[in-house]
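Each step along the sequence shown adds one to the number in our numbering, with nothing skipped, and position 14 is 15. Cβ atoms here follow ideal geometry from the backbone N, Cα and C, with glycine treated the same way. Nothing here was measured: the structure is a model prediction, and the numbers come from that model.
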Amino acid sequence: MPEHRFIPFDVTVRPPHAAGPSQPYPVTVAYRARTAEGIVTQDIHAPFWQAAVNQLADPTQRPGSQRLMEMGQILFDDLMQGAVRDLWISARGDLDSGLAAGIRLRLALLPPAVACLPWEALYDRDRNEPFAASAQTPLVRVENLFRHVGAARPLRTTPPVKILVVAPADPTGQIDATRELEEIQRIVAAVGSRHFQVISQTGQFDIVELRRTIEAAQPDILHLIGHGQPEGILLWKQGQPTWTPASSLRVILQRATSVKLVVLNVCLAGRVSDRTPFSTVGPQLLQTGIPAVVAMQFEVLAQNGADFTRYLYEELIAGSVPGAIDAAVGYARSNLYALEPDSFGFGAPVLWLNAEDGVIFELAAHKEAPENNETSTWSPAHVSQASAQAPRVSPTPEKPIDLRQLQQQDGEIAQWLAAQRDIPDAALDAALRHIISVRNDELQNVQDQFRQLRSFKSEQLRTANAERAVLEQYQSRLTRIMQKKERIES
């Protein structure tokens with residue numbers, strides 16, 4: 002199996018430092034231990050983007066390839082300026098020279114007015130390349146602000162990988178869920194039942210019945226087919242179709258720790274509010290610790306949704322890099338783009354990936370997986386048997402984490418930043434004021450992570466996967482702060 006050597010190019014867009022209209026949004030990018038600072042100015046409040054998003058929201062409209070490229074180029078030119086562009090060119094050089102199989106563009110878009118822009122349209126005119134449809138530069142979103150999202154669960158699982166397909170009865174008759182389920186079963190059957198098991202729940206059921214199925218099946222992947230809106234999905238209650246809010250879905254998935262990936266093939270579940278963060282379905286699921294969520298940010302035609310599912314699982318299960326969700330989403334998007342370049346169907350799916358890489362499973366490492374997992378319907382007895390045959394054992398840290406050194410580092414950084422506040426703004430040039438402001442934001446995030454580390458200690462959570470993940474992110478952020486400190490002092 003080819004190695005999945007995708008190197009992250011991390012982009013973080015933060016709220017403006019000052020209140021008022023037309024304030025730029027600070028940007029920090031990181032690649033291979035190097036960083037650069039910049040700004041973006043585009044947001045949803047601009048009349049151009051109001052009209053553009055309204056156009057993209059109608060799946061029956063075809064904006065045309067030139068219009069889509071115009072949107073994507075505006076976003077690209079706004080983001081890739083100055084030092085940010087220089088670092089991106091360096092990353093592209095690594096890709097062109099073979100030092101990286103791909104560059105994963107990871108967007109952490111903290112201001113809601115920036116996050117709800119159609120970043121999946123991002124387009125590099127010089128390379129004539131739409132990022133969302135590229136195999137070498139996959140575009141993913143991340144939500145890593147610890148005041149909103151805690152440590153994600155480990156993404157990887159061990160075969161047999163269990164896929165729960167949930168298809169509530171469609172009161173409109175517009176969705177052919179049976180066909181979509183059969184496509185997934187067909188793709189799985191071609192690979193073999195030793196590696197995958199498909200379970201399904203169909204008909205009329207409410208959120209509690211869905212919870213019971215998830216708890217009994219313990220799936221690795223949850224795939225939902227149906228109708229949606231930004232704040233919820235359509236299920237049933239007492240024989241009537243009922244909108245179920247995002248908060249209800251979040252609650253039932255909070256305890257579903259087996260779930261590593263959620264695919265929401267429902268309209269608008271991936272839409273982001275332009276005012277309130279984490280109020281819609283996709284982002285709320287990330288708050289449960291699920292590391293990967295795929296959801297539609299606009300309405301999609303039923304055929305486009307079914308095509309996306311087919312291409313997604315073809316690549317995820319039997320593609321060039323089995324198990325890599327970012328590669329699978331990129332493959333599905335590229336097929337949709339090739340079929341209809343005049344439509345934004347390829348950009349409707351949003352992938353949130355709160356993990357260092359996108360690999361969910363590796364088939365080659367599990368040749369001894371059991372052969373007798375052949376059922377494709379829900380069965381508590383069978384699920385229990387499969388769980389016993391393939392236990393999930395999480396590695397423990399090599400040694401306990403000593404918080405005393407981290408406490409000292411945290412204190413030193415806090416003292417240094419406090420000293421900067423005594424320096425009048427007029428005594429600093431604009432670049433230094435910008436760096437100090439950004440570091441203040443990062444320090445708050447680091448302190449949030451440090452509090453979580455201490456809570457792990459107090460609760461004696463010695464399985465430590467989450468603890469280790471938080472520590473790694475903490476140390477990475479602290480390193481960046483120290484680098485900025487040294488730059489200012491020099």
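Residue 325 by DSSP, collapsed to three states: which one? strand
Is DSSP giving residue 363 helix, strand or coil here? coil
With distances taken Cα to Cα, identify the nearest neighbour of residue 100 among 6, 65, 164. 6
Which same chain residues, not among the five before or five after residue 363, have their C-beta less than 6 Å away from its C-beta? 324
Closest by CA to residue 251, which one among 284, 151, 79, 86? 284
Measuring only between beta-carbons, confirm whether residue 103 sits less than 9 Å from chain D. Absent from the structure is chain D; it holds one protein chain and no more.
Local conformation of residue 114 per DSSP, three classes: Residue 114 falls in the helix class under three-state DSSP.
What does the alpha-carbon distance come out to for the pair residue 16 and residue 164? In this structure, the alpha-carbon of residue 16 lies about 38 Å from that of residue 164.
C-alpha distance - residue 53 paired with residue 311, whole-angstrom precision: If I take the Cα positions, the gap works out to 28 Å.
Counting only runs of 4+ residues fully inside the region 243 to 293, write out the alpha helix (DSSP H) ranges in chain order. 247 to 255, 282 to 287
Measuring CB to CB, does residue 352 end up less than 9 Å from residue 293? A contact, by the Cβ cut-off of 9 Å.
Could you spell out the range, first to last residue, of the alpha helix (DSSP H) harbouring residue 179? 178 to 192 is the extent of the alpha helix (DSSP H) around residue 179.
contact_flag[the region 78 to 86, the region 37 to 47] where n(CB pairs < 8 Å) is 3 or more: yes
Check each candidate in 341, 191, 47 and name the one with the smallest Cα separation from residue 316. 191
Measuring alpha carbon to alpha carbon, tell me which of 8, 286, 281 ends up nearest residue 94. 8
Quick check on residue 90: buried or exposed, where buried means 16 or more other Cβ atoms within 10 Å of its Cβ? exposed
Quick one: Cα of residue 216 to Cα of residue 260, how far? Rounded to whole angstroms, residue 216 to residue 260 spans 10 Å at the Cα level.
For residue 225, which of helix, strand or coil comes out of DSSP? strand
Residue 106 versus 214, 112, 125, residue with shortest Cα-Cα distance: Just measuring C-alpha positions, the residue of 214, 112, 125 sitting nearest residue 106 is 125.
Limits of the unbroken beta strand (DSSP E) element including residue 11: 7 to 14
Cutting at 7 Å between CB atoms, please list the residues of its own chain near residue 62, excluding the five before and the five after it. 56
For residue 223, which residues from the same chain have a beta carbon less than 6 Å from its beta carbon, with the 5 sequence-adjacent residues on both sides left out? 165, 260, 263
So which of 47, 31, 11 has the shortest CA-CA distance to residue 1? Since the displayed the chain opens at 2 and closes at 491, residue 1 lies outside it and no answer follows.
Indicate whether residue 119 and residue 302 have their beta-carbon atoms separated by less than 9 Å. no
Residue of 65, 32, 72, 31 minimising C-alpha distance to residue 492: Summary: the structure shown does not reach residue 492, with the chain confined to residues 2 through 491, and so no result is reported for it.
With the cut-off set at 9 Å, would you say residue 254 and residue 214 are in Cβ contact? no
Name the two residues that bound the continuous beta strand (DSSP E) containing residue 45. Where residue 45 is concerned, there is no enclosing beta strand (DSSP E), given that its DSSP letter is neither H nor E.
At a cut of 8 Å, does the region 328 to 345 reach the region 136 to 143 through at least three beta carbon pairs? yes
Can you have a look at residue 129 and say buried or exposed, based on whether 16 or more other CB atoms are within 10 angstroms of its CB? In this structure residue 129 is exposed. Its beta-carbon is surrounded by fewer than 16 other beta-carbon atoms within 10 angstroms.
What number of angstroms, rounded off, separates the C-alpha of residue 320 from the C-alpha of residue 33? If you take the alpha carbons of residue 320 and residue 33, they lie about 28 Å apart.
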